[in-house]
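Below is one structure, written out as structure tokens; comments come after it.
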Amino acid sequence: MIVLVLCGFNLAFFLGISSGADPVVRWLFWASVLYFVGGVWLFVWVDQRYAGKLKRLAAGFQAQGFRPQVEVFAKMSDAYLGIDESTRSLLAYPVDGAGHFFQLDEISSWRIVPVGKRNYRLEVLTRNLRLPVFSLVLKPTEVLATEARLAAVLGA
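To convert, count from 1 in the sequence shown and add 790; that's my numbering.
Written out as structure tokens, the structure is:
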């Protein structure tokens with residue numbers, strides 16, 4: 791951005807159409823563009839890898855008989871919550887680097903709280919002394935649907 795301001799937003803110069811004062815500025819601009827585009831690409835790539843890992847994990851538990859009626863994946867694909875009403879259990883991942891099953895009787899309450907401008911956090915409070923709170927960050931578009939599904943299964 792600083793390079794753009796110092797060069798007067800000369801788009802023809804940055805695209806290489808016109809000759810300018812110093813081509814080093816053009817290379818600096820394109821290096822910064824590639825740096826930011828590469829960072830976004832890396833972020834998306836890592837997020838997709840974690841999402842694939844969580845989906846494989848959920849499929850592995852489903853193969854063992856866990857049939858969740860409610861599944862919540864975190865915004866950054868780093869956490870998972872699944873609720874199976876037939877077995878009255880809740881699966882939380884990660885807990886100490888692995889999945890942990892809670893009985894629905896252990897869940898004392900839950901809430902979705904706003905954190906910042908566009909982030910929401912789902913907090914599940916348990917009676918388990920080893921893990922009193924499990925939380926994950928929700929996508930803003932999934933807040934209402936998640937709240938409705940959890941209210942139907944766990945109550946208000």
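Just so it is clear, CB atoms sit at the ideal spot from N, CA and C, and this is done for glycine as well. Computed from a predicted structure; not experimentally measured.
Does the distance from the C-beta atom of residue i to that of residue j stay below 9 Å?
i    : j    : result
A848 : E861 : yes
L912 : S898 : no
S879 : D837 : no
N909 : V923 : no
A947 : V905 : This structure leaves residue 947 out entirely; the chain is present only between 791 and 946.
E896 : T877 : no
K929 : K865 : yes
L944 : W900 : yes
H890 : L940 : no
I902 : T936 : yes
Name, in chain order, the residues that DSSP records as bridge partners for residue i.
i    : result
S925 : E913
I881 : Going by the sequence as given, residue 881 is Leu instead of Ile. Answer is G872 and F891.
S898 : S898 pairs with nothing; no bridge assigned.
V903 : R911
Near residue i, what residues of its chain come up, given a Cβ to Cβ distance below 7 Å and the 5 sequence neighbours on each side ignored?
i    : result
D874 : F856, R857, P858 and Q859
A869 : Y883, P884 and L926
At which residues does the alpha helix (DSSP H) containing residue i begin and terminate?
i    : result
E932 : Where E932 is concerned, there is no enclosing alpha helix (DSSP H), given that its DSSP letter is neither H nor E.
State the start and end residues of the unbroken beta strand (DSSP E) segment that holds residue i.
i    : result
F863 : V860 to F863
Looking only at its chain, what residues have a beta carbon closer than 8 Å to the beta carbon of residue i, apart from the 5 residues adjacent to it on each side?
i    : result
G828 : none
Near residue i, which residues of its chain fall below 6 Å by C-beta distance, leaving aside the five closest residues on each side in sequence?
i    : result
R839 : none
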